[in-house]
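For what it's worth, my numbering labels the leading residue of the sequence shown as 225, then goes sequentially.
Worksheet: the structure to be examined is printed underneath.
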Amino acid sequence: MFGDLAEPPVDPILGLAQMLARDTNIDKVDLGIGIYHDEWGRAPVLKCVKDAERWLLETQSSKRYLSSAGNADFNLRTRELLFGTGSDAFDRSRALQTPGGTGALRVASDLLKRLRPEGRVFIPGPTWPNHPGVLKASGHELVVYPYYDQATATLTFGAMMDALADLKADDTLLLHGCCHNPSGADLNLDQWRTIASLVAAKGSAVLVDLAYLGLGDGLDEDSAGLRLLASALPELIVASSYSKNFALYRERVGALTVVGATEKAAALAHSHSIPVVRTLYSMPPDHGAAIVARILEDGELRRGWEAELAVMRERINAMRAQLAARLAAQSGRDYSFIARQRGMFTMLGISPPMVEILRSDHHIHLTSSGRINVAGLNTQNVERVADAIAAVNLL
Ligand code: LMR
C-alpha cells in the first residue's frame with residue numbers, strides 16, 4: 225500500500241524549514257514561516273506566558289476532560305477580545321476553543337458544508353496557501369476574487385467588488401480581519417462598510433480569519449473591521465489564532481466564534497459545531513488556552529501582554545520603514561508600500577527564480593511566492609537583505 229506512493233507536494237511554507245536547516249551559512253536570514261523574531265533573531269516565550277504557566281503549574285488540580293468546546297474561561301475572554309465586553313455582538317456570540325486558527329477554519333469549513341452544502345466559498349487572491357486546502361478538505365467549491373495586485377502593490381478593491389457581485393445567498397465570503405497574509409494590504413473602514421452592505425443584501429455568510437490581531441496598529445484598530453461587520457450583519461463566523469500575538473505557536477491555541485441574529489441563534493450555531501469537533505478531534509488540548517485565559521483575565525498579566533505585543537508590533541513596523549527606505553535608496557524604485565502595509569508579511573513582487581537566487585547566493589530564505597516575513601528582519605540584517613533584493617531585482 226505504501227511502497228509505490230509518489231512523493232506528496234512540499235508545503236510552500238512549512239517545507240522551507242528543511243531548506244533553512246540545510247543552509248549552513250552563519251549569516252542566513254529566515255524570512256519564511258510567520259514567526260516573530262526579536263532584534264537578536266530569537267523567538268522567545270513571552271514573560272506573561274511564563275508567569276501564567278507558573279501559576280497554572282501551581283494551581284491546576286486535575287487534568288480531567290473539559291468538553292468539545294474546550295476551556296470556558298478562554299471562550300469568554302475570546303469574545304471580549306473580539307467584540308468588547310457588553311457590546312451587542314458580544315451578547316450575540318458564542319466561542320469554541322480550537323487547536324490553533326487552522327483548527328477553527330476547519331471546524332467552520334465543515335460546519336458551513338453541513339449548513340449550506342451547495343454554497344461556494346469566495347477566497348482572496350492571493351491568500352494564505354493553506355486556505356484552499358482546508359476548505360477543499362470539507363468539499364467546498366472555491367471562487368478566487370481579486371484582492372491585491374503585486375505589480376502596482378495595491379489593493380484591487382474595484383475588481384474585488386465586481387467579483388463579489390456574483391455572491392449568492394448560499395455562498396461564503398472569506399476575509400482576512402487584519403494584516404492580510406501574504407500581502408500586508410488591509411481594507412479601510414469605508415471598504416469594510418461597502419462589503420457589509422453588499423453581504424447584507426446578498427444574505428451570504430462571512431468567515432473572518434483573524435490570525436494577527438494586535439500586530440498591525442493595535443488591538444482596537446485591528447479589530448475595527450471585524451466589529452463593523454459584527455454590528456452590520458445578523459450573522460458572522462470568526463476563526464482566530466493566538467499563535468502569533470501570544471507567541472504560542474506550538475501550543476495550538478485558536479477559537480471559532482459564531483455571531484447570531486439572537487443569543488439563541490448563536491447558541492444553536494455553537495451546538496451544531498460540537499458534533500463537528502467530536503468527529504474531528506473530540507476536544508482541543510487545554511494548556512495553551514488555559515494560559516491565554518489567565519493572561520486575559522488577570523489585570524497585571526494582561527497589561528504585561530499588551531506591552532509585549534506593542535514591542536513586537538512597533539519593531540515590525542520599524543523594520544518595514546527601514547526596509548522600504550533602504551530598498552528605495554538602493555534601487556531608485558518606490559517601496560513605500562512596505563512601510564504602509566501591516567502585519568508580518570509583504571510581497572516583493574519577484575519571481576520564483578529570483579527567490580532562488582536570494583536563497584542560494586545570499587542565504588535569504590522566503591517563500592517562492594516572493595512573500596517575506598518582515599518580523600525576521602533586524603537592525604543587523606535589514607540593510608544586507610535590502611541590498612540583496614535590490615541587486616536581484618536589477619538582474
Ligand atoms: C504563515 O503563513 O507563515 C503562518 O501562518 C504559518 C503557517 O502555518 O503557514
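Note that CB positions come from ideal geometry on N, CA and C, so glycine has one too.
Distance, Cα to Cα, residue i vs residue j?
i    : j    : result
E277 : I515 : 6 Å
T378 : H586 : 28 Å
S407 : Q565 : 8 Å
L305 : E475 : 19 Å
Q415 : E445 : 15 Å
A454 : A490 : 13 Å
T591 : A424 : 37 Å
T481 : E487 : 13 Å
T351 : E282 : 42 Å
Y266 : R330 : Contrary to the premise, residue 266 reads as Arg rather than Tyr in this sequence. In a straight line, the C-alpha of R266 is about 30 Å away from that of R330.
V462 : A429 : 11 Å
L422 : M543 : 36 Å
L240 : I596 : 12 Å
S464 : M225 : 38 Å
G449 : D312 : 15 Å
P348 : A615 : 31 Å
A563 : M536 : 16 Å
Y466 : Y289 : 22 Å
G308 : L572 : 36 Å
L452 : H494 : 22 Å
L551 : N541 : 15 Å
Y371 : T380 : 5 Å
G294 : I250 : 43 Å
A513 : C402 : 22 Å
D334 : G256 : 29 Å
E365 : R608 : 43 Å
L582 : A612 : 7 Å
M578 : N617 : 8 Å
T322 : Q284 : 21 Å
R417 : L457 : 11 Å
H496 : L339 : 9 Å
I237 : K287 : 34 Å
D275 : E524 : 10 Å
R518 : D297 : 8 Å
Q242 : D558 : 34 Å
H511 : P233 : 32 Å
G357 : I498 : 22 Å
L413 : D522 : 32 Å
Quickly, what does DSSP pair residue i with across the bridge? List them, please.
i    : result
L480 : L320 and A463
D254 : H589
M571 : R595
H400 : D433
T378 : D373
L366 : V345
Quick check on residue i: buried or exposed, where buried means 16 or more other Cβ atoms within 10 Å of its Cβ?
i    : result
K271 : exposed
A245 : exposed
K468 : buried
T570 : buried
A420 : buried
S506 : exposed
E231 : exposed
V273 : buried
P268 : exposed
W529 : buried
P576 : exposed
A531 : exposed
K337 : buried
D386 : exposed
P508 : buried
S584 : exposed
T302 : buried
A553 : exposed
V368 : exposed
G258 : buried
Would you mind giving the Cβ-Cβ distance between residue i and residue j, rounded to the nearest angstrom? I have them listed as a contact below 8 Å.
i    : j    : result
G567 : N405 : 7 Å
L280 : N299 : Not confirmed; about 17 Å, so no contact.
H589 : D235 : That belief does not hold up - the Cβ atoms of H589 and D235 are roughly 14 Å apart, past 8 Å.
H400 : D373 : The pair is not a contact, with the Cβ atoms about 16 Å apart (cut-off 8 Å).
S292 : V501 : 4 Å
V345 : T396 : 5 Å
R645 : G484 : There is simply no residue 645 to check, as the chain begins at 225 and stops at 619 in what is shown.
R526 : L520 : 6 Å
I574 : G600 : The Cβ separation is near 16 Å, so there is no contact.
A435 : G325 : 5 Å
L533 : G438 : 5 Å
L398 : L431 : 5 Å
L547 : A610 : 6 Å
E263 : T603 : 7 Å
Inset, instruction - Go through the residues and name those whose CB comes closer than 6 Å to any heavy atom of the ligand LMR, in chain order. - result: Per the Cβ criterion, the list is I237, I257, G258, W352, N354 and N405.
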